[in-house]
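Notes for the one structure printed next.
2 protein chains.
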Amino acid sequence: MSILDKLGKEIVYIDGALGTMIQLEAPDIIVPDELNIERPELLKKLHAMYLGAGANVITTNTFGANDYKLIESKYTVEDIITSGVQNAREVAKSAYVALDIGPLGKMIEPLGKVTFNEAYEQFKKQVVAGAKAGCDLILIETMSDILEAKIAILAAKENCDLPVICTMTFNENGKTFTGVDPIAMVAVLEGLGVDALGVNCSFGPDKLMPIVEKIIEYASIPIVVQPNAGLPIMKDNKVTYDIDKETFALYIRQMVELGVSIVGGCCGTSPEHIAQCVKILKGMELKKQESKDLTIVTSARSGVVFENITVIGEALVPTGRKKYTQALEKGKDMFFYSSAKQQKKLGAQIININVSTPGIDENAAMIKGVKRISSSVDIPLQIDSIHPHIIEQALRYYPGKAIINSVNGTEESMNKIFPIAKKYGACVIAMTFDESGLFQSVESRLDIAKNIIERAAKYEISKKDIIIDCLSLSAKAYQDRLLDTLELVSRVKCEIGVQTMLGVSNISYGLPERSILDRTYLAMALSRGLDIVMMSVYDKEMIETIDAFNVISNIDKSAINYRTKYSP
Amino acid sequence: MSILDKLGKEIVYIDGALGTMIQLEAPDIIVPDELNIERPELLKKLHAMYLGAGANVITTNTFGANDYKLIESKYTVEDIITSGVQNAREVAKSAYVALDIGPLGKMIEPLGKVTFNEAYEQFKKQVVAGAKAGCDLILIETMSDILEAKIAILAAKENCDLPVICTMTFNENGKTFTGVDPIAMVAVLEGLGVDALGVNCSFGPDKLMPIVEKIIEYASIPIVVQPNAGLPIMKDNKVTYDIDKETFALYIRQMVELGVSIVGGCCGTSPEHIAQCVKILKGMELKKQESKDLTIVTSARSGVVFENITVIGEALVPTGRKKYTQALEKGKDMFFYSSAKQQKKLGAQIININVSTPGIDENAAMIKGVKRISSSVDIPLQIDSIHPHIIEQALRYYPGKAIINSVNGTEESMNKIFPIAKKYGACVIAMTFDESGLFQSVESRLDIAKNIIERAAKYEISKKDIIIDCLSLSAKAYQDRLLDTLELVSRVKCEIGVQTMLGVSNISYGLPERSILDRTYLAMALSRGLDIVMMSVYDKEMIETIDAFNVISNIDKSAINYRTKYSP
Ligand SMILES: [Zn+2]
Ligand SMILES: [Zn+2]
Ligand SMILES: [Zn+2]
Chain Y
26 MSILDKLGKE IVYIDGALGT MIQLEAPDII VPDELNIERP ELLKKLHAMY LGAGANVITT
86 NTFGANDYKL IESKYTVEDI ITSGVQNARE VAKSAYVALD IGPLGKMIEP LGKVTFNEAY
146 EQFKKQVVAG AKAGCDLILI ETMSDILEAK IAILAAKENC DLPVICTMTF NENGKTFTGV
206 DPIAMVAVLE GLGVDALGVN CSFGPDKLMP IVEKIIEYAS IPIVVQPNAG LPIMKDNKVT
266 YDIDKETFAL YIRQMVELGV SIVGGCCGTS PEHIAQCVKI LKGMELKKQE SKDLTIVTSA
326 RSGVVFENIT VIGEALVPTG RKKYTQALEK GKDMFFYSSA KQQKKLGAQI ININVSTPGI
386 DENAAMIKGV KRISSSVDIP LQIDSIHPHI IEQALRYYPG KAIINSVNGT EESMNKIFPI
446 AKKYGACVIA MTFDESGLFQ SVESRLDIAK NIIERAAKYE ISKKDIIIDC LSLSAKAYQD
506 RLLDTLELVS RVKCEIGVQT MLGVSNISYG LPERSILDRT YLAMALSRGL DIVMMSVYDK
566 EMIETIDAFN VISNIDKSAI NYRTKYSP
Chain Z
26 MSILDKLGKE IVYIDGALGT MIQLEAPDII VPDELNIERP ELLKKLHAMY LGAGANVITT
86 NTFGANDYKL IESKYTVEDI ITSGVQNARE VAKSAYVALD IGPLGKMIEP LGKVTFNEAY
146 EQFKKQVVAG AKAGCDLILI ETMSDILEAK IAILAAKENC DLPVICTMTF NENGKTFTGV
206 DPIAMVAVLE GLGVDALGVN CSFGPDKLMP IVEKIIEYAS IPIVVQPNAG LPIMKDNKVT
266 YDIDKETFAL YIRQMVELGV SIVGGCCGTS PEHIAQCVKI LKGMELKKQE SKDLTIVTSA
326 RSGVVFENIT VIGEALVPTG RKKYTQALEK GKDMFFYSSA KQQKKLGAQI ININVSTPGI
386 DENAAMIKGV KRISSSVDIP LQIDSIHPHI IEQALRYYPG KAIINSVNGT EESMNKIFPI
446 AKKYGACVIA MTFDESGLFQ SVESRLDIAK NIIERAAKYE ISKKDIIIDC LSLSAKAYQD
506 RLLDTLELVS RVKCEIGVQT MLGVSNISYG LPERSILDRT YLAMALSRGL DIVMMSVYDK
566 EMIETIDAFN VISNIDKSAI NYRTKYSP
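These protein sequences, in sequence, are chains Y and Z.
As numbered in our numbering, residues 26 to 593 make up the first sequence, in order.
As numbered in our numbering, residues 26 to 593 make up the second sequence, in order.
Here it is, written out as structure tokens:
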């Protein structure tokens, strides 16, 4: 029986700390992972204690088993992982053996010097060795950098078929060390297809509560919590932790009541903590976890939840933008930063990035742009390219949940884009045209939208991650179809119930005083239920229209933002 | 059997010219009306000839029977009318006798010196005498000034119970001498409740065709046509007319095919023309006349048909407008003119007029304003007062079809306003509140709207003349209800199918940069089907929004107006 049959269906108990136990038994050890080879009986004893306490899952003693941490060790990563899995396996009986993977201990680019590929190779080595030695699942834990977690997950999923669980560790400010908030974590990890996600280490279960609540609010998959036993304190010249097993278990029960289904411990916890949890949780029914119908995209740190009107800045598209085109030609990546920063300041919540200009290496430029912006501006990106391989590369390096711009209703497009979107957990802008041509009737465009969503579902892409572009046409060429697009917006909202999007300014192409037409069409579309507008945030009147809409639709309560911004 | 049982149900033949026939028989006569008394046998002979030709309706020889034209006559109006009716009555048998009323021959204020009341007294005298002498209907004809026609109709309807038919005479430019176009004529005369309307005299039936087509396009009641026999020409030293009876009758047939149901002749026609019509129209079926579902209001000259978005200028409301308040206080009526002219230039299609300010005679000020504007600016008025008697006075003097601002869903309001609206044929702004209070739920406000329309129907006020004010609330006080109003707009359009109106700028009351909120709310409302906006046309951004909407909704075809106005 795979652990997948248990996750989310019953309470699963992971073990507690090995590190803390080892500290007691082998206080002089520098690289605890070496004990797998040097003192296998100790490890088996510790695993057996957790099994005896009632753990269903025991984690291997391989937290630091990577080349960076083993640099002075006489053992290889493979040796340590192989013995680590064997030690657990030998005592596990019906329990599951989780290959424990911790962070590399070095920061990854752009935060540090380790490259994406170097990190990937480390995690791959661990996964391959662990799977070969017979572990049952991969537990990626104590992650701070969402990109590192992503690389580890990709390495796991691309190199074995085992279930993957990932947990991150948070600071007192409610974010990880690199600034990732719980919403971003949930969106990215769920998007990457982990089987459970959650939080470990951090601090005691009491202080973890608000973070766990946030995770429960946004996650649709089983949630793991493995807290420390409170904060470390010195007592009788020994490090101990300030939360006793009873208190620990009471908090864990509270979390299970709220919706957590996988529990365990981290620093300072012992088999007694787990045993107390098993005792106190006995007979509890799991809270049914609801699938959250929320569209979320994220930067490397924080998430944008599509609840109100969302603005995507379109200034990083070279067509008609000389300065940006020149920056691309000269390879000046500073422009990415300054434009993204400025657009964010003016009201963009997401930045569309397109680097298509003649004579440059688009793939390289896109990766450069994605890295540059995502490392310096806290704003999600929308990857805009007509080349699926460029989109894929950008998504691979992107440290968050992005939007793909775009798929359309043609078979070719869906066959190429959906697998990428699924793998990297991206949202997708879906343009409502297909092989029968551009600019069809409202009915046809609605059918195309429905078909796109059905086809996406076959790739297990939820409709919440599909954004329907209702196609803003130019008044110059299609004046008699402009109201059709607005009708499509309301019908897509009403009949399909997904996010709708318009690149409003097409309407005014070739006409004078474009802002007047754009802002009017925008307000009309908002009135019909439009969710997302892709626009130039440099257009003051468009931003004003959104600010006004937020007052009118009671989002900007008491017009606080409006008054602040517009009072003389 | 009243003629009302025939009108619109079968072809009704009115006679042709008496004047032309009299010219032949009594070439020296100066006041032809005197012949009623001096040569009754001649009149009876002429009437009999028309009866012999097949006329169902013979008109009395009383075209000029008023004090202005009879100033040098030894007979009174009453004498002439009494004998005129008697002459016709004696030979009429089963035919109907129409009391013929022509224009006074003097212009009425403000075009001339005759006052409304003086004119009214003249027409009243004719009507009272005619009814007393036993005529069957009142035929008001050859009118040029819509106000004169209106006074005559009011005099007829207020002083007898006979059916009233009214026809006007047009010039080659398609308008009457005072500039009334066919749409305005139809709207005003229908509004005043005449039993048939149409055109007489003017020129030959060939050249009348486009005017008749316009009337047919807009009228919902039976249509009369009594053309001249072409244009007068000198032949053998005698005046004759250039269209022969066969050609005349062929044109008449064409008109009947299009929808005219009452035919006859004017200058130059003879019993032969009528006989030829009777012959050629024999056995023809009337074209079923459809009730036109068009909301129309008019100035003294032209109509505004509510097909696209209609703008009502609100600048003539004293509240918060110092200059206007001062003008009212000082009795300066020039301000009415300059404001109306300016508002029209800026885009108002209708002007709301309210004179309520402390310390002035509101009734006098309102009448002054109505007269001043309607005599100098070609734009319909909306009469805005909380006092029904002021509304009634204004409507009485107003030379067109106005809008009443406003009725609401309370019994008191409906009981007072609907009789006035019906009598003067005005459209009515209906505010969606009632005794249960202001600002109710969408459902309640929709019910109030439905109730208002049902109650209006009991007064025989068509729903096309009811304009539902969906009530724009202030964001400051009712932020959570603003979208309700937009929902009400679309539900009123969809479920009741009447004109909807908003006084948009309430929304921004007390907030900064009001134009941003106003223009955004306006565009949102337009997107939900709003028909009429009452607004300050001095707000450039509001006007821009309407111009943009007209492009977006394909009203401003190829954006011709937009490009003209906004190209640099
Ligand atoms: Zn820990
Ligand atoms: Zn731990
Ligand atoms: Zn005539």
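In this text, a Cβ means the ideal position worked out from N, Cα and C, and glycines have one as well.
Go ahead and pull the three-state DSSP assignment for residue i.
i, result
"Gly-289 of chain Y", "coil"
"Leu-162 of chain Z", "strand"
"Lys-304 of chain Y", "helix"
"Pro-52 of chain Z", "coil"
"Pro-252 of chain Z", "strand"
"Pro-257 of chain Z", "strand"
"Val-562 of chain Y", "coil"
"Ile-378 of chain Z", "strand"
"Gln-594 of chain Z", "An answer regarding residue 594 of chain Z cannot be provided, because it is not within the stretch 26 to 593 covered by chain Z."
"Val-224 of chain Y", "strand"
"Val-198 of chain Y", "Val is not the amino acid found at residue 198 of chain Y; the sequence shown has Asn there. It is coil, neither helix nor strand."
"Leu-172 of chain Y", "helix"
Are the CB atoms of residue i and residue j nearer to each other than 7 Å?
i, j, result
"Met-559 of chain Y", "Glu-339 of chain Y", "yes"
"Lys-87 of chain Z", "Asp-40 of chain Z", "As written in the sequence, residue 87 of chain Z is Thr, which differs from the Lys given in the question. The answer is no: Cβ separation not under 7 Å."
"Ser-327 of chain Y", "Ala-209 of chain Y", "yes"
"Ile-337 of chain Y", "Lys-369 of chain Y", "no"
"Thr-525 of chain Z", "Leu-496 of chain Z", "no"
"Val-153 of chain Y", "Asn-81 of chain Y", "no"
"Gln-251 of chain Y", "Gly-204 of chain Y", "no"
"Ile-568 of chain Y", "Gly-372 of chain Y", "yes"
"Val-189 of chain Y", "Ala-180 of chain Y", "no"
"Ile-236 of chain Z", "Phe-202 of chain Z", "no"
"Ile-161 of chain Z", "Val-211 of chain Z", "A small correction: the amino acid at residue 161 of chain Z is Asp; Ile does not occupy that position in the sequence shown. Contact flag unset, no."
"Pro-65 of chain Y", "Asn-142 of chain Y", "no"
"Val-395 of chain Z", "Lys-366 of chain Z", "no"
"Ser-286 of chain Z", "Leu-311 of chain Z", "yes"
"Val-213 of chain Y", "Lys-426 of chain Y", "yes"
"Thr-510 of chain Y", "Arg-544 of chain Y", "no"
Residues of chain Y with CB closer than 8 Å to the CB of residue i, please, in chain order.
i, result
"Thr-45 of chain Z", "Neighbours of Thr-45 of chain Z on chain Y: none; closest Cβ ~53 Å, over 8 Å."
"Ser-592 of chain Z", "Pro-537"
Alpha carbon to alpha carbon, how far is residue j from residue i? Give it in angstroms, no decimals.
i, j, result
"Val-380 of chain Y", "Phe-361 of chain Y", "10 Å"
"Leu-536 of chain Z", "Ala-573 of chain Y", "11 Å"
"Tyr-591 of chain Z", "Asp-170 of chain Z", "39 Å"
"Ile-96 of chain Z", "Ile-165 of chain Z", "21 Å"
"Ile-240 of chain Y", "Val-110 of chain Y", "30 Å"
"Gln-504 of chain Z", "Gly-522 of chain Z", "27 Å"
"Glu-437 of chain Z", "Ser-487 of chain Z", "20 Å"
Can you pull the chain Z neighbours of residue i, defined as C-beta to C-beta under 8 Å?
i, result
"Ala-584 of chain Y", "Ala-500, Lys-501, Gln-504 and Leu-536"
"Arg-470 of chain Y", "The contacting residues do not exist; Arg-470 of chain Y stays about 18 Å from chain Z at best."
Kindly list, in the order they appear in chain Z, the residues whose Cβ is closer than 7 Å to that of residue i.
i, result
"Arg-553 of chain Y", "Ser-552"
Who are the neighbours of residue i on chain Z, taking C-beta pairs under 9 Å?
i, result
"Tyr-587 of chain Y", "Ala-500, Leu-536, Pro-537, Glu-538, Ile-541 and Leu-542"
Quick one: which residues of the segment 225–246 of chain Y get their C-beta closer than 7 Å to a C-beta of chain Z? List them in chain order.
Legend: CB atoms of the segment 225–246 of chain Y lying less than 7 Å from CB atoms of chain Z are not found in any residue.
Near-chain Z residues of the segment 504–536 of chain Y - C-beta to any C-beta below 8 Å:
Cβ contacts with chain Z: Gln-504, Asp-505, Leu-507, Leu-508, Leu-511, Ile-532 and Leu-536.
Using a Cβ-Cβ cut-off of less than 7 Å, give me the residues of the segment 536–551 of chain Y that come near chain Z, in sequence order.
Along the segment 536–551 of chain Y, the positions whose C-beta sits under 7 Å from a C-beta of chain Z are Leu-536, Pro-537, Glu-538, Ile-541, Leu-542, Thr-545, Tyr-546, Ala-548, Met-549 and Leu-551, read in chain order.
With 8 Å as the C-beta to C-beta threshold (strictly closer), list the residues of the segment 567–579 of chain Y near chain Z in chain order.
Of all residues in the segment 567–579 of chain Y, Glu-569, Thr-570, Asp-572, Ala-573, Phe-574, Val-576, Ile-577, Ser-578 and Asn-579 have a Cβ within less than 8 Å of some Cβ in chain Z.
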